[in-house]
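Trainee: Numbered continuously in the numbering used here, the sequence shown closes out at residue 425. Using N, Cα and C, we set each Cβ at its ideal position, and we do this for glycine too. Computed from a prediction, not measured in an experiment: that's the story for all the values here. Below: one structure in structure tokens.
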Amino acid sequence: MLAAVAISAILAFVHPVVCQSTTAGGDINDGASDFQPDSLTTGILALFCIFTFFFFVLAVWCFVALILSRGHRSPYAFLFPALILSFLANANNVALEVILNLSSFFLLPTQLQPALEAIGLLFTNWAILLLFLSLVAVIWNREDAIHAATEGRAGRRNHIFTAIFAILAVIIFVLGTAGPAIYVDALRQYLDALNEIDVTFDTDSAPEEDALDAWFDNRLKVSNAVNYSFSSFVVLTAIAITVPTILLWKASHAAAIRDKITDTMLYVVAPLYAFYNLLTFIFTIVFSNHGLPYTSSQLTFEKATLANNLLLLLSYFLVALALILMSINRTNWNVGGTAQPDNSLAILKMTPVQQHWSQPSQWNYGSQQHMQPYNSQPIDQPAYYYNEPQQQPYVPGPQPYETTVHSPQTEPQSLEHPSTTTTLG
């Protein structure tokens with residue numbers, strides 16, 4: 001962890017110096033810098049550096065929340081590795097962006113670019129999956145809390161949504177792993193074969209190079225098809241998160257339960273996550289075959305790439321930040337998994353029930369004492385609703401020094417044993 005902090009700090013200080021290099025056509029042997037990005041590439045590189053730092057801070061904060069959380073650790077157990085992977089993916093993209101803009105790139109090891117691209121793609125896709133699982137864990141936590149608070153009347157887990165969550169998680173993991181694997185493997189084989197070909201302008205090497213390019217294009221089409229499928233299922237997770245959140249919020253309010261975590265999920269987290277998936281849908285189309293044409297200039301592609309990275313990283317960061325902010329006030333989770341009841345709503349919905357409580361004994365000799373039976377609260381009354389003992393009027397007994405046990409609403413003859421009396425002395 002300290003090594004990662006040191007690398008991030010070095011990149012933060014070295015990057016401005018490297019980007020200000022004005023040496024043109026620098027040779028690796030004359031000691032001059034050959035890293036000369038344009039303004040948009042510099043912006044993309046700076047963006048990766050900034051979010052590398054941001055995700056590192058969030059990862060540390062999430063680790064603290066994971067330790068301090070009791071009864072709701074599962075969301076942060078998924079979110080913490082997601083932030084670690086996001087931190088590593090952005091740091092990896094910094095290195096990849098620098099390498100791809102070196103004029104002496106061809107002198108570097110052939111397997112370096114495929115390795116860096118594999119790390120960046122896999123870590124990004126796995127971080128997307130873990131963020132989705134973190135949101136699912138929040139929904140399950142609140143379902144259990146509301147189910148316990150209402151004694152099973154609300155918040156019961158929907159097995160249909162559980163199956164949907166499981167199916168989406170498996171598909172996203174498989175596609176998110178297969179897509180980058182196909183692309184990186186094709187790129188590795190292409191670069192190895194290209195180095196073995198004598199790249200000249202004679203007619204002998206041209207057909208072999210054309211066949212290699214055609215093979216690589218076909219592999220890219222397969223990889224793109226898998227990536228499009230991956231993005232489609234990621235977009236579906238927005239619906240899979242929003243719908244259960246709405247249903248859970250309605251169930252809690254119908255049961256007179258006011259849960260702040262569910263409110264935050266409905267009004268903050270779910271909209272941010274839906275916006276993130278909307279951006280994923282838009283930029284998937286932009287970079288598809290039906291989006292930007294291949295005849296577009298490099299400047300156009302760089303602008304689209306900068307917008308894609310900025311908006312997706314920012315929206316992902318905001319969703320993760322909203323989840324971590326929910327850990328600040330632990331009373332909102334009501335440690336132990338019990339939702340906070342709203343007594344005002346419960347009183348409005350409850351039918352009045354008359355309570356009968358025993359009065360404290362006053363042993364005053366020479367005076368008559370009327371005793372009241374003790375009746376416990378009705379079973380159907382919520383445990384968190386409490387009625388103060390009701391003062392009962394004094395009712396004289398039938399004869400001196402005799403106290404009849406009966407309810408003040410009935411006569412002694414209406415009891416189960418009307419002849420039973422208790423005589424003092």
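1) For residue 133, which residues in the same chain have their Cβ closer than 7 Å to its Cβ, ignoring the five residues on either side in sequence?
2) Quick one: residues in its chain with C-beta nearer than 7 Å to the C-beta of residue 393, no 5 flanking neighbours on either side, listed in chain order?
3) At the level of alpha carbons, what is the spacing between residue 219 and residue 226?
4) My assumption, with CB atoms under 8 Å, is that residue 318 sits in contact with residue 229. Please give the rounded CB distance.
5) Does residue 108 come out as helix, strand or coil in the three-state DSSP assignment?
6) Considering residue 67, what are the terminal residues of the alpha helix (DSSP H) in which it resides?
7) Tell me whether residue 287 sits in a helix, a strand or coil according to DSSP, three-state version.
8) When you compare only the Cα positions, how much space is there between residue 289 and residue 42?
9) Any idea what DSSP makes of residue 102, helix, strand or coil?
10) What residues match up with residue 35 in a beta bridge as DSSP calls it?
11) So which of 38, 325 and 259 has the shortest CA-CA distance to residue 102?
12) Please work out which residues of its chain come closer than 7 Å, Cβ to Cβ, to residue 333, disregarding the five sequence neighbours upstream and downstream, and give them in chain order.
13) Pull up the CB-CB distance for residue 238 and residue 267, whole angstroms please, since I reckon it's below 8 Å.
14) According to DSSP, simplified to helix, strand and coil, what is residue 157?
15) For residue 147, does the count of other Cβ atoms within 10 angstroms reach 16, so buried, or fall short, so exposed?
16) Using a Cβ-Cβ cutoff of less than 6 Å, which residues in the same chain neighbour residue 307 once the five nearest sequence positions on both sides are dropped?
17) Between the Cα of residue 116 and those of 95, 130 and 192, spot the shortest distance and give me the residue it belongs to.
18) Are residue 310 and residue 280 touching if we call contact CB-CB under 9 Å?
19) On the premise that residue 212 lies in contact with residue 110, defined as a C-beta separation below 8 Å, what is that separation, rounded to the nearest angstrom?
20) Please check the pair residue 118 and residue 252, which I expect to be a contact at CB under 8 Å, by giving their CB distance rounded to whole angstroms.
21) Would the stretch 285-303 count as touching the stretch 319-332 if we require 3 or more Cβ pairs under 8 Å?
22) Compute the Euclidean distance between the alpha carbons of residue 284 and residue 172, then round it to the nearest angstrom.
23) Go through its chain and collect everything with a Cβ distance to residue 189's Cβ below 7 Å, but skip five positions before and after it.
24) Hey, how far is the Cα of residue 256 from the Cα of residue 124?
Mentor: Here's the rundown:
1) Same-chain partners within the cutoff: 78 and 169.
2) At residue 393, the pLDDT of 49 sits below 50, so the modelled position is not reliable; the number obtained from the coordinates is stated separately. Cβ within range, chain order: n/a, list empty.
3) Looking at the two C-alpha atoms, the distance is approximately 11 Å.
4) The pair is not a contact, with the Cβ atoms about 26 Å apart (cut-off 8 Å).
5) In the three-state reduction of the DSSP assignment, residue 108 falls in the coil class.
6) Unbroken alpha helix (DSSP H) run through residue 67: 39-68.
7) Coil.
8) The straight-line gap from Cα to Cα measures roughly 27 Å.
9) Note: residue 102 maps to strand in three-state DSSP.
10) Paired residue(s): 102.
11) Minimum Cα distance to residue 102 is reached at 38.
12) Closer than 7 Å at Cβ, skipping near neighbours: 71, 72 and 261.
13) In this structure, residue 238 and residue 267 do not form a Cβ contact; the two beta carbons are roughly 15 Å apart against a cut-off of 8 Å.
14) Shown here, residue 157 sits in coil according to DSSP, grouped into three states, outside any helix or strand.
15) With 16 or more Cβ atoms within 10 Å of its Cβ, residue 147 is classed as buried.
16) Cβ within range, chain order: n/a, list empty.
17) With distances taken between Cα atoms, residue 116 lies closest to 95.
18) The answer is no: Cβ separation not under 9 Å.
19) About 14 Å; that fails the 8 Å criterion.
20) With a Cβ gap of about 44 Å, residue 118 and residue 252 do not count as contacting.
21) The stretch 285-303 makes no contact with the stretch 319-332; the number of CB pairs closer than 8 Å stays below 3.
22) Those two C-alpha atoms are separated by around 16 Å.
23) Within the same chain, residue 189 has no close Cβ partners at all.
24) Rounded to the nearest angstrom, the two C-alpha atoms are 41 Å apart.
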